[in-house]
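2 protein chains.
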Amino acid sequence: MSAGSMSILPKKKLLAFFPLSFLAIASFFISVLVWGNVRLENKIYKDIARKILHKGMSEQYAYELLKKITSVGPRLTGSPQAEAAVELTRRIMHELGLDNVHLEPTEVPHWVRGEQEEGWISSSNSGRISVPVAAIGGSIATPTQGISAQVVEVKSFSELNRLGDKGKGKIIFFNRPMDPKLPNTFQAYMAAAIQRVQGATEAAKHGAVGALVRSLTMRIDDYPHTGLMQYDPGVTKIPAACISTRGANLLSELLKKDPSTTFGMKLSCVELDPVVSHNVVGDITGSESPEEIIVMGGHLDSWDLSPGAHDDAAGCAHSLEALRLIKELDLKPKRTIRAVMFMNEEFGGSGGRDYARSENRKGEIHLAAIESDRGGFLPVGFGVGDSQTFKPFKKWESLFQSVGLFWLRPGGGGVDIAPLGQQGTLLIGLVPDSQRYFDVHHSGKDVIETVNPRELELGAIAMALFAYLLSEEGI
Amino acid sequence: MSAGSMSILPKKKLLAFFPLSFLAIASFFISVLVWGNVRLENKIYKDIARKILHKGMSEQYAYELLKKITSVGPRLTGSPQAEAAVELTRRIMHELGLDNVHLEPTEVPHWVRGEQEEGWISSSNSGRISVPVAAIGGSIATPTQGISAQVVEVKSFSELNRLGDKGKGKIIFFNRPMDPKLPNTFQAYMAAAIQRVQGATEAAKHGAVGALVRSLTMRIDDYPHTGLMQYDPGVTKIPAACISTRGANLLSELLKKDPSTTFGMKLSCVELDPVVSHNVVGDITGSESPEEIIVMGGHLDSWDLSPGAHDDAAGCAHSLEALRLIKELDLKPKRTIRAVMFMNEEFGGSGGRDYARSENRKGEIHLAAIESDRGGFLPVGFGVGDSQTFKPFKKWESLFQSVGLFWLRPGGGGVDIAPLGQQGTLLIGLVPDSQRYFDVHHSGKDVIETVNPRELELGAIAMALFAYLLSEEGI
Chain A
11 MSAGSMSILP
21 KKKLLAFFPL
31 SFLAIASFFI
41 SVLVWGNVRL
51 ENKIYKDIAR
61 KILHKGMSEQ
71 YAYELLKKIT
81 SVGPRLTGSP
91 QAEAAVELTR
101 RIMHELGLDN
111 VHLEPTEVPH
121 WVRGEQEEGW
131 ISSSNSGRIS
141 VPVAAIGGSI
151 ATPTQGISAQ
161 VVEVKSFSEL
171 NRLGDKGKGK
181 IIFFNRPMDP
191 KLPNTFQAYM
201 AAAIQRVQGA
211 TEAAKHGAVG
221 ALVRSLTMRI
231 DDYPHTGLMQ
241 YDPGVTKIPA
251 ACISTRGANL
261 LSELLKKDPS
271 TTFGMKLSCV
281 ELDPVVSHNV
291 VGDITGSESP
301 EEIIVMGGHL
311 DSWDLSPGAH
321 DDAAGCAHSL
331 EALRLIKELD
341 LKPKRTIRAV
351 MFMNEEFGGS
361 GGRDYARSEN
371 RKGEIHLAAI
381 ESDRGGFLPV
391 GFGVGDSQTF
401 KPFKKWESLF
411 QSVGLFWLRP
421 GGGGVDIAPL
431 GQQGTLLIGL
441 VPDSQRYFDV
451 HHSGKDVIET
461 VNPRELELGA
471 IAMALFAYLL
481 SEEGI
Chain B
11 MSAGSMSILP
21 KKKLLAFFPL
31 SFLAIASFFI
41 SVLVWGNVRL
51 ENKIYKDIAR
61 KILHKGMSEQ
71 YAYELLKKIT
81 SVGPRLTGSP
91 QAEAAVELTR
101 RIMHELGLDN
111 VHLEPTEVPH
121 WVRGEQEEGW
131 ISSSNSGRIS
141 VPVAAIGGSI
151 ATPTQGISAQ
161 VVEVKSFSEL
171 NRLGDKGKGK
181 IIFFNRPMDP
191 KLPNTFQAYM
201 AAAIQRVQGA
211 TEAAKHGAVG
221 ALVRSLTMRI
231 DDYPHTGLMQ
241 YDPGVTKIPA
251 ACISTRGANL
261 LSELLKKDPS
271 TTFGMKLSCV
281 ELDPVVSHNV
291 VGDITGSESP
301 EEIIVMGGHL
311 DSWDLSPGAH
321 DDAAGCAHSL
331 EALRLIKELD
341 LKPKRTIRAV
351 MFMNEEFGGS
361 GGRDYARSEN
371 RKGEIHLAAI
381 ESDRGGFLPV
391 GFGVGDSQTF
401 KPFKKWESLF
411 QSVGLFWLRP
421 GGGGVDIAPL
431 GQQGTLLIGL
441 VPDSQRYFDV
451 HHSGKDVIET
461 VNPRELELGA
471 IAMALFAYLL
481 SEEGI
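For the protein sequence lines, the chains are A and B, in the order given. Residue numbering for the first sequence is 11 to 485, as defined by the numbering used here. Residue numbering for the second sequence is 11 to 485, as defined by the numbering used here.
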């Protein structure tokens, strides 16, 4: 309606028009203001994303943090190196000027590998051949002289069950490879890991004297990849070792030629009494709602065959660097952003559980927790909550694309923040590309040389941005 | 309109309704058919994508091809190794059972590095320090005893121009680093590469006796990264070398302390007469329109400091493996799919030009060309045509996501297929993640150990899928 046409309206209608017109004009201006604010907010966030990106990539300090953490060495729970890492990261948090830096206790297993393991194949055709093995984490030792027995190769527990008592007195050789066809290697890992975790128990139920498990990697090489196993109460404990993939292929081949081939192994690992270790906590206190908390974390402990550069010194470096970027850019988050270096993700997850139920949580409201425990490779996205809780975050995808990521999707986090999730905290997981992760995972190859400083920093930048957005917007 | 309400329509209207109704019903059925076909087609393509993915990831033969190509050694144009690679890939194409396998000639430069170069800094504070240098490709040699001169450090040509005649008799040290802030490292490379390509000419215009260029990498290490340079006709030719980034940082630091610091270098490279080399060509002949061609390619030649695993043995392996997958899956493409191993991308691009203008192109219609020349890293997307020609391809994005990629965008290809583009061919470039590319690019570090078999194979799978879709759908 043009202004000129108003004069021909009857007076009554004209009177009625005013409130409507007023409403229309008002809503127009409100829309303009709201839209303007949304645009302004987007612009502000885009600027902040760029600032975080530029500072991060210019300095690449995540890699310096990674150097410090890995320089401690392997950090198996209960080891002096794990304790040194606690002290180191507490000191780093102080140096970064974080608030509320403190340790929180958690009891952790203290399993020690002992002397380097020996593994050997003896077959009528080839004589005795040494192959690389490593005790699986939590295994009992063999007798001092080792054990040696005929080998039964299986690819699954159902295959084992079909064998009846043919496993009696034997070493069960779990030789299921990770499925190379899956683009996401974690799916392949999850499907094959059961033989490492439960293999010894299942083998013992069939009267086996030992369990030997193909390393969970898709590379064919000479590195055993260890990890956690569990004994079931009431089932005889038998020693369990992982064997390098090249060793596994050789054993499988020799078994085909000579089914009486034997395998020998000598493990001298021992389970000592549990010890008290610590999660390491540090904050940037929120300026408006300090009691509302966004947690970021990785785990300080690692397996003992390498300094755990990707698993999970990278996640610790990501979290510390994210806080450093937010602090040094003086972004002053409204809510508290916290880094937690969790202790004992690998040997049972006590750190995550104890963090969630600590007395210190009283009066704290954990809105969201972001975990990085999938390595320091190129970050491709974030898994956020479930399909319902994810929805409102889709709008931030383009902000993350501006710092190099590709997507936000429903997903969630890992072991360390799962207990917070049970209390209603939104769980978020950084998702780096997974192609190379199991090349190094839990093996002697998980060293800093396999981490690219740019890839690592991009992960820290993404974590900083997500934590900051959550601190401003809530959930 | 419900069926019951028809009875109350006047007869005339009822008559008029029939044709309309018929049309509506007909269009409904047509829509169902079309939609059904689209869905069927999508399903067929999805199945084919999965088949290619599964075969590729199960066998990971791209890496075997890469091993073969890199085992030849560095493949500088004109070198015996480059010729060996021509023979090798011709043989591989025969073994793969490709059609129409043949060589096409192209004249290439024959520049030879000679003895390993020497570079040294002399400053009053530190005495003489050796630093790693390498002649830039195409440089003239120094006199046998080398040259030594005071150094002027600049970060840009405009800075050089402002110096007036202060560069006279000096070595100009171009020390502009690649900008680490850009998530896409190719952007940083493109911005800094001019100093390597044109530095010697610009320095000579100011009376300099030599040019020294910071290596185009963001890693701080001891590897010189070479590449192409050009002399301008009419400008004195002066020798040009690249210096490792650690060496560049040291030189810059020493110059600050002692501006009279000198730099010495000894280069014994030589430009010999050009020689005739070859592109290597092989097809899967199209079953319906064999004259319509989809080309895939990478370049066989590399720089001479390493076997060029990423640059560009990876692109050759991608293309050969893509054809192998299509052939062994018996997909029988409607149009011809061709692999070309281009010769001489690095030293002037003659292979791509000669391919496009060859007599052999008569009667061939090149619909599209897909180039892989950005390394064998995780493939993240494809650049396709320009913003207009790209549009119809967006619909295939989800197919590529099903094999691990993230996006299709406007983009295009590289040096080797650009001449085809000038003839109207649609240009497509595989885009792997770029974070690690310049760690190794044109240096001694571009070796097979830096290539991950899974990442490489995903690139080949993506190429196979794109070539197949184009062969079925045209453009």
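Where is the CB? At the ideal position from N, CA and C, for every residue including glycine. Here the structure is a predicted model, which is why all the values come from computation and not from measurement.
Does residue 330 of chain A come within less than 8 Å of chain B when only Cβ atoms are used? no
Taking Cβ-Cβ distances below 7 Å as the criterion, which residues of the region 354-381 of chain A are in contact with chain B? none
Residues in the region 61-73 of chain A with C-beta within 8 Å of chain B's C-beta atoms, listed in sequence order? 63, 64, 67, 68, 70
Between the C-alpha atoms of residue 144 of chain B and residue 342 of chain B, what's the straight-line distance to the nearest angstrom? 48 Å
Per DSSP, what kind of secondary structure is residue 413 of chain B in: helix, strand or coil? coil
Using a C-beta to C-beta distance shorter than 9 Å, which residues of chain A count as neighbours of residue 465 of chain B? 443, 445, 446
Check residue 239 of chain B in the structure and name its three-state DSSP category. coil
Residue burial classification, residue 80 of chain A (beta-carbon count within 10 angstroms, cutoff 16): buried
Anything in chain A within Cβ reach of residue 193 of chain B, meaning under 8 Å, just list it in chain order. 63, 67, 413, 414, 468
Which stretch, first to last residue, makes up the alpha helix (DSSP H) that contains residue 267 of chain B? 255-267
Under DSSP, the beta strand (DSSP E) around residue 112 of chain A begins and ends at which residues? 109-122
Runs of 3 residues minimum, wholly inside the region 380-461 of chain A: which ones carry the beta strand (DSSP E) assignment? 389-394, 417-419, 436-442
Close Cβ partners of residue 496 of chain A (< 6 Å) along its chain, the five nearest in sequence each way excluded: Nothing about residue 496 of chain A can be read from this structure; chain A reaches only from 11 to 485.
Using a threshold of 8 Å, state whether the C-beta atoms of residue 259 of chain A and residue 364 of chain A are closer than that. no
Is there a C-beta anywhere in chain B that falls below 8 Å from the one on residue 475 of chain A? no
Can you find a CB in chain B that lies within less than 8 Å of the CB of residue 190 of chain A? yes
Beta-carbon gap between residue 146 of chain A and residue 239 of chain A smaller than 8 Å: yes
Buried versus exposed, by CB contacts within 10 Å (16 or more), residue 154 of chain B: exposed
Hey, out of B/271, B/247, B/423, B/230, whose CA is closest to residue 254 of chain B's CA? B/230
Identify each residue in the region 155-189 of chain A for which the Cβ-Cβ distance to at least one residue of chain B is less than 7 Å, and report them in chain order. none
Is any beta-carbon of chain B found at less than 8 Å from that of residue 259 of chain A? no
Figure out for me which residue from A/91, A/191, A/479, A/109 has the closest Cα to the Cα of residue 378 of chain A. A/479
So what does residue 354 of chain B bridge to, in DSSP terms? In DSSP, residue 354 of chain B forms no bridge with anything.
Just how far apart, CA to CA, sit residue 324 of chain B and residue 124 of chain A? 43 Å
Contact check, residue 336 of chain A vs residue 380 of chain A, beta carbons under 8 Å: no
Excluding sequence positions up to five away, which residues of its chain have a Cβ less than 6 Å from the Cβ of residue 348 of chain B? 293, 303, 305
Counting only the same chain and skipping the five closest in sequence on each side, list residues whose C-beta sits under 7 Å from that of residue 100 of chain B. 111, 113, 290
Establish whether the CB of residue 388 of chain A and some CB of chain B are separated by less than 8 Å. yes
Mapping the DSSP letters down to three states, classify residue 185 of chain B as helix, strand or coil. coil
Out of A/287, A/376, A/149, state which residue places its alpha-carbon closest to the alpha-carbon of residue 207 of chain A. A/149
Would you report the Cα separation of residue 232 of chain A and residue 257 of chain A, rounded to the nearest angstrom? 7 Å
8 Å Cβ cutoff, residue 462 of chain B in contact with chain A: yes
Taking the alpha-carbon positions, what's the residue 209 of chain A to residue 250 of chain A distance? 8 Å
Tell me the rounded alpha-carbon separation between residue 78 of chain B and residue 459 of chain B. 14 Å
Which residues bound the alpha helix (DSSP H) around residue 289 of chain B? Per DSSP, residue 289 of chain B belongs to no alpha helix (DSSP H); it is in the beta strand (DSSP E), 280-294.
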